[in-house]
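Residue numbers are given in the numbering used here: position 270 of the sequence shown equals residue 270, and the series is strictly consecutive.
Built from N, CA and C at the ideal position, the CB exists for glycine as well.
Keep in mind that this is a model prediction, so the values were computed, not measured.
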Amino acid sequence: MTPTRYFIARMALAFGISRKQRRMAEAASETHLLREAEQLLGQRVWNRVEAVEELGIEYWNLRRLMTEKTSITEKLHSAESMLTEAHHQRAALLTDKSTKQEQLDGERSELLEELDHLARERDEIVRNARGLRRLYDGLKTKLEVLKSESREDEQTTATTRARMSELRSQFEALKIDRDKVAARIAERNLVLDEIDEKLDNERKKHRSEAAEAFQMIGEANRKISSYKAELGLLDTQMNQLYGEIGRHVSRNTKVNPHCREATGEYNALVEVMSALRRSINMNHRLAGN
């Protein structure tokens with residue numbers, strides 16, 4: 001929002017045309033853009049703010065996180081190389097498979113996909129059940145508090161108890177669904193055990209090599225998943241620090257020479273961020289906030 005648009009909007013507001021929802025939507029959109037700009041600026045200039053005393057904790061935490069990220073990235077590359085090697089070894093073993101083995105492997109893969117789907121379905125049921133239990137406990141607490149405060153009335157109590165009864169019914173239905181899924185999982189696990197036994201018999205001539213290859217694949221996948229999760233957490237923490245740095249230096253370029261020096265070539269971006277902040281403030285004022 002420009003000053004001209006703000007003046008026009010103020011005139012319209014004087015005549016009762018507020019458009020509050022539109023102003024709040026514009027402010028929210030601009031705030032999102034501002035946060036992205038702060039993060040981008042912080043990412044570009046973080047290594048130039050060592051002299052900015054107010055950003056000491058952000059700067060040195062980023063230095064520490066950078067070191068950790070480098071270490072984890074090296075471990076990730078090592079695990080990926082290990083996985084590639086294991087897949088090559090496994091591929092060499094697969095060329096010696098019998099037709100029966102190939103058929104059993106196909107059935108096993110389909111079964112694992114089905115079990116994965118069932119596990120997700122079970123987890124979803126459990127999450128829904130927990131949500132219902134939370135709602136039920138909230139209503140139960142409500143009745144207890146109203147009773148202790150001597151504020152309960154028949155209509156509120158009846159309505160609340162009816163809702164609690166409805167939640168109990170839904171909860172019981174979810175328990176039945178969960179038991180059905182659990183039974184299905186148990187059934188499919190038995191089938192999986194049978195397939196694994198047949199495969200074990202088929203692989204007798206190269207059991208040790210195959211076991212080593214699959215073990216390497218499993219270990220490598222676990223490591224890769226773990227390292228990627230750690231990197232994701234580090235990226236989240238670093239992005240937060242980038243945002244703090246970008247916010248501070250962009251707000252203090254005119255009063256702090258170190259901030260002004262750090263932003264240097266990004267003055268245009270700093271000006272855009274300042275304009276966004278002014279626009280956000282104007283939209284908030286027009287919305288009555």
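Query	Result
On the three-state DSSP scale, how would you describe residue 105?	helix
Report the rounded CA-to-CA distance for residue 88 versus residue 214, giving the unit in angstroms.	11 Å
Checking 9 Å against the spacing of the C-beta atoms, do residue 238 and residue 41 come in under that value?	no
Given that a residue counts as buried once 16 or more other Cβ atoms are within 10 Å of its Cβ, and exposed if not, what is residue 109?	exposed
Could you tell me which uninterrupted alpha helix (DSSP H) segments, each at least 4 residues in length, are contained entirely in the region 223-289, listed from first to last along the chain?	257-263, 267-287
Below 8 Å on the Cβ atoms is my contact criterion, and I expect residue 277 with residue 34 to pass it. Report the Cβ-Cβ distance as a whole number of Å.	7 Å
Taking residue 182 as the reference, which of 280, 72, 118 has the closest Cα?	118
Tell whether a beta-carbon distance below 9 Å holds between residue 161 and residue 143.	yes
Ignore the nearest five residues each way along the sequence and tell me which others in residue 258's own chain have a CB closer than 6 Å to its CB.	51, 52
Is it buried or exposed for residue 253, if we count other Cβ within 10 angstroms and need 16 for buried?	buried
Could you tell me which of 175, 165, 55, 85 sits nearest to residue 212, measuring between CA atoms?	85
Using CA atoms only, rank isn't needed, just tell me which of 129, 122, 139, 250 is closest to residue 46.	250
Give the DSSP-derived three-state secondary structure of residue 150 in the structure shown.	coil
Would the beta-carbon of residue 75 fall within 9 Å of that of residue 223?	yes
For residue 107, collect the residues of the same chain with a Cβ closer than 7 Å to its Cβ; drop the 5 residues on either side in sequence, then sort them by chain order.	195
Just confirm the distance between the C-beta atoms of residue 38 and residue 247, as a whole number of angstroms; I'd bet it's less than 8 Å.	5 Å
Considering only C-alpha positions, which residue in the set 113, 129, 156, 164 is nearest to residue 138?	164
Would DSSP call residue 49 helix, strand or coil?	coil
Taking only runs that begin and end inside the region 123-195, name each unbroken beta strand (DSSP E) of 3 or more residues, in chain order.	none
Under a Cβ-count criterion, where at least 16 other Cβ atoms within 10 Å of its own Cβ denotes burial, should residue 233 be classed as buried or exposed?	exposed
With burial defined as no fewer than 16 other Cβ atoms inside 10 Å of the residue's Cβ, what is the status of residue 203: buried or exposed?	buried
I believe residue 58 touches residue 245 by the beta-carbon criterion, under 8 Å. Please report the beta-carbon distance rounded to the nearest angstrom.	5 Å
Could you check the C-alpha separation between residue 60 and residue 151 for me, to the nearest Å?	56 Å
Would residue 49 be called buried (16 or more neighbouring beta carbons within 10 Å of its own) or exposed?	buried
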